[in-house]
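K.L.:
So that we are looking at the same thing, I have put the structure below in structure tokens.
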Amino acid sequence: MSKQDITRLLGGWEGYRIGTIQRFEPGEKGDLAEVWIELMPLKRRRMKCSGCGRLVSTLHDIS
């Protein structure tokens, strides 16, 4: 499956492209299998944390 297909399947991320995709089996990063998707901004811009509102250089989502 291509990165474009994955992006479309997951609903897309406006302003971002997929960098890398990693799958971890149960026990590698926790008790359950996980998929990590790296999102790369299409344009250089400052990111803001939706929790505290501060400008940040990196973000992560744990949902």
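Letter 30 of the sequence shown, counting from 1, is numbered 30 in the working numbering, and no numbers are missing.
Glycine is no exception: its CB is placed at the ideal position from the N, C-alpha and C atoms.
#1: By alpha-carbon positions, which one of Leu-39, Ser-2, Gln-22, Glu-14 ends up nearest to Asp-61?
#2: Across the region 22-32 and the region 42-60, are there enough close Cβ pairs to call them in contact, namely three or more that are closer than 8 Å?
#3: Roughly how many angstroms separate the alpha carbons of Gly-30 and Thr-20, rounded to a whole number?
#4: Could you give the first and the last residue of the continuous beta strand (DSSP E) run that contains Arg-8?
P.N.:
In short:
#1: Of all alpha-carbon atoms in Leu-39, Ser-2, Gln-22, Glu-14, the one lying nearest the alpha-carbon of Asp-61 is that of Leu-39.
#2: Segments in contact, no.
#3: Between Gly-30 and Thr-20, the alpha-carbon positions lie close to 20 Å from each other.
#4: Membership of Arg-8 in any beta strand (DSSP E) is not indicated; the residue belongs instead to the alpha helix (DSSP H) covering 3-9.
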